[in-house]
């Protein structure tokens with residue numbers, strides 16, 4: 002089973018991504034993706050984002066897995082909303098997007114998210130950008146997850162985009178070497194040479210996850226990065242689905 | 406290693422060292438090895454030195470790096486605002502250059518007719534094509550691109566490295582300006598190639614790698630899974646660029 006660990010819904014039209022579920026399903030079919038983990042990071046009211054997400058997943062429960070969203074901009078809503086999203090809406094993981102927030106991931110405001118993930122044995126997918134000048138590098142810097150990963154060992158911390166560029170990727174690898182519950186997810190429009198090989202060598206084939214960023218990017222391209230990588234067939238199968246299945250308790 | 410079903414020309418690659426970072430590959434041997442592994446037979450290349458520090462110095466470095474290897478098609482970088490027209494045109498002719506690349510923002514001038522007209526008139530006469538980078542560091546304002554490109558319909562202008570962040574510019578401008586050509590190297594949106602073919606036809610699309618910043622193989626893998634007919638795949642990967650640069654197939 003091929004699982005896309007990094008998908009969004011919906012997406013604004015002005016970036017060219019697809020906007021309808023049937024278009025997403027077609028793109029997934031073209032790439033051979035069986036299931037996509039979708040999140041909605043576009044509402045500051047997390048309950049609105051999660052309700053929207055749940056409705057979307059309910060229409061295609063065999064193809065999409067709901068991932069909840071919470072924001073530290075409204076910290077008082079975090080714990081209640083996470084419990085509701087998991088217990089009532091059936092969400093199977095957590096997405097956070099640090100660049101929206103003015104302080105770093107080390108800020109204590111994030112702790113309830115990680116404590117909840119630890120208690121429920123959930124995975125947290127976070128945007129990371131090692132030194133991407135487009136984004137404040139303090140937001141989503143992989144090294145900053147180490148203290149949380151050490152404190153909450155039953156939570157899995159998935160570094161979205163694996164830091165995007167070489168410096169960020171190395172930061173992910175360094176963080177993952179320190180903590181067995183830090184994982185890397187591959188989707189990136191940067192598509193740097195040997196990036197998949199570097200991740201497999203650096204963190205091991207059990208801690209690299211396929212993601213596409215659909216509906217922003219075509220999953221066939223990210224799939225191509227794995228398929229054409231100079232790694233074993235066993236590693237490719239793990240990256241494309243087996244590792245995600247384990248993290249999602251499927 | 407990926408084996409494409411058709412001959413592949415890469416419209417967008419760089420060759421040479423950069424001042425601010427060590428890239429994965431910066432020698433001719435590195436580039437040729439990567440091309441071989443991806444099944445790319447020839448590539449249009451420019452030298453990054455000429456983007457930042459000196460156009461003609463970088464162009465000469467490029468020719469030194471290429472050292473006559475016919476798999477590498479040299480592309481000169483030109484500063485329309487400050488380069489000496491006589492010097493550029495002479496070296497272009499001597500070196501058999503078939504395309505130029507400009508970096509208006511990096512070189513701090515607007516891509517407007519009162520600067521570009523003499524160059525583009527000459528390029529039309531010589532049958533030269535022009536490359537302009539888009540992407541995060543896009544080099545030209547949409548209004549300038551539209552107005553200047555429409556004044557020179559005989560000069561093909563390749564929008565290199567367009568990214569989803571450029572979508573709201575490139576989508577309408579490709580429809581509006583027929584001499585704009587699209588390098589696919591950074592265009593990742595779902596079903597993007599199929600949508601582009603419906604939007605402007607296959608004849609203005611080019612395969613590019615954006616090497617060494619980007620791994621060439623995954624996008625070729627992707628192009629082979631876009632449901633393209635063999636003639637469409639060949640056009641994107643080979644024939645369109647041959648036509649643009651007046652190359653023998």
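Residue numbers (our numbering), protein chains in the order written: chain A, 2 to 251; chain B, 406 to 654.
Heads up, the beta-carbon is just placed ideally off N, CA and C, and yes, glycines get one too.
Taken in chain order, the complete alpha helix (DSSP H) segments of 4 or more residues contained in the segment 45 to 103 of chain A are 47 to 60, 79 to 88. Under the Cβ distance rule, residue 418/B does not count among the residues neighbouring chain A, no pair being separated by less than 8 Å. A distance below 7 Å between beta-carbons, with the five flanking residues on each side excluded, links residue 57/A to the following residues of its chain, in chain order: 10, 22, 39, 65. Residue 478/B holds the alpha-carbon nearest to the alpha-carbon of residue 502/B among 478/B, 408/B, 431/B, 590/B. Residue 620/B reaches chain A at 192, 193, 194, 195, 196, 226, 229, counting residues in chain order whose Cβ is nearer than 8 Å. In this structure, residue 578/B and residue 611/B do not form a Cβ contact; the two beta carbons are roughly 16 Å apart against a cut-off of 8 Å. For residue 19/A, the nearest CB of chain B lies under 8 Å from its own CB, placing it at the interface with that chain.
Rounded to whole angstroms, residue 570/B and residue 542/B show a C-alpha spacing of 10 Å. Among the residues of the segment 556 to 583 of chain B, those with a Cβ less than 8 Å away from any Cβ of chain A are 568, 569, 570, 572, 573, 576, in the order of the chain. Within chain B, the residues 626, 627, 630, 631 have their CB atoms less than 8 Å from the CB of residue 221/A, given in chain order. For residue 432/B, the closest of 517/B, 407/B, 467/B by C-alpha to C-alpha distance is 467/B. Taking residue 115/A as the centre and dropping the five residues before and after it, the same chain places the C-beta of 149, 153, 156 closer than 6 Å to its C-beta, in chain order.
For residue 410/B, no CB of chain A lies under 8 Å from its own CB, so it is not counted at the interface with that chain. Residue 192/A is positioned such that its CB atom lies closer than 8 Å to that of residue 620/B. Taking the Cα of residue 245/A as reference, the smallest distance to any Cα among 85/A, 29/A, 19/A, 94/A is reached at 94/A. Residue 161/A: member of the beta strand (DSSP E) spanning 157 to 161, first to last residue.
Around the C-beta of residue 81/A, fewer than 16 other C-beta atoms lie within 10 Å, and the residue is accordingly described as exposed. For residue 469/B, the enclosing alpha helix (DSSP H) stretches over residues 460 to 471.
Counted as a single uninterrupted DSSP element, the stretch harbouring residue 7/A is not any alpha helix (DSSP H) but the beta strand (DSSP E) occupying residues 4 to 9. Look at the segment 183 to 216 of chain A and you find these whole runs of alpha helix (DSSP H), each 4 residues long or longer: 196 to 204.
Distance from the CA of residue 470/B to the CA of residue 451/B, rounded to the nearest whole angstrom, comes to 10 Å. Sixteen is the threshold: when 16 or more other Cβ atoms of the shown chains lie within 10 Å of the Cβ of residue 70/A, as they do, the residue is buried. The closest CA to that of residue 427/B, considering only 454/B, 449/B, 448/B, 413/B, is found on 454/B. One alpha carbon belongs to residue 224/A, the other to residue 623/B, and they sit about 8 Å apart. Think of a sphere of 7 Å around the beta carbon of residue 216/A: the chain B residues whose beta carbon falls inside it are 595, in chain order.
Annotated three-state conformation of residue 39/A is strand, per DSSP.
When the Cα atoms are used, residue 241/A and residue 211/A turn out to be separated by approximately 5 Å. Taking a C-beta distance under 8 Å as the contact criterion, residue 190/A and residue 489/B do not qualify as a contact pair. Rounded to the nearest whole angstrom, the CA to CA distance from residue 49/A to residue 165/A is 29 Å.
Below the 9 Å Cβ cutoff, chain A contributes 225, 228, 229 as neighbours of residue 407/B, in chain order. Contact between the segment 25 to 33 of chain A and the segment 579 to 586 of chain B is absent: fewer than three C-beta pairs spanning the two stretches fall below 8 Å. Within chain A, the C-beta atoms nearer than 8 Å to that of residue 429/B come from 193, 194, 195, in chain order.
Contact annotation for residue 591/B against chain A: 190 [CB-CB distance below 7 Å, chain order]. Residues 536, 586, 588 of the same chain have their beta carbon placed closer than 6 Å to that of residue 563/B, with the five preceding and five following residues left out of the count. Taken through DSSP and simplified to helix, strand or coil, residue 518/B comes out as helix.
No Cβ of chain B is located within less than 8 Å of the beta carbon of residue 243/A.
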